[in-house]
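So the structure is just underneath, and the comments pick up after that.
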Amino acid sequence: QVQLVESGGGLVQAGGSLRLSCLVSRSIASANTVGWYRQAPGKQRELVASITRAVITNYEDSVKGRFTISTDNAKNTVYLQMNSLKPEDTAVYYCYFKRDYYLPSWGQGTQVTVSS
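Per the numbering used here: the sequence shown = residues -10 to 105.
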């Protein structure tokens, strides 16, 4: 069972920045894809950013140019750098880890609140 622990969420004013971290209990190199989803109240969970083993990144349209996903394989950590935050970025952010033939593993989530 892969365990993921997110950190770095909090309250920030619009235009500010936060960096989320996700510590994974298994080597990130063993994943096909790692990334971040978010879920705002009353909305479905949506993919924010992902990165593959081949270091191919994918971003949700509304965060392109503002968010950057990265990994530190030596630390088994996935990061999400979030700049120019907007109130509509307010959500619980979840880290995930996906390998072939396995269901994805999820963290417990970290709250990000952006005030206007």
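We treat Cβ as the ideally placed atom computed from N, Cα and C, and that holds for glycine. Source: prediction; values computed, not measured.
Under the three-state reduction of DSSP output, E(-5) falls in the strand class.
For Y82, the enclosing beta strand (DSSP E) covers residues 80 to 87.
In the structure shown, E49 adopts coil according to DSSP, grouped into three states. The straight-line gap separating the alpha-carbon atoms of N47 and Q2 is approximately 26 Å. By the criterion of at least three beta-carbon pairs nearer than 8 Å, the stretch -9 to -2 is in contact with the stretch 90 to 104.
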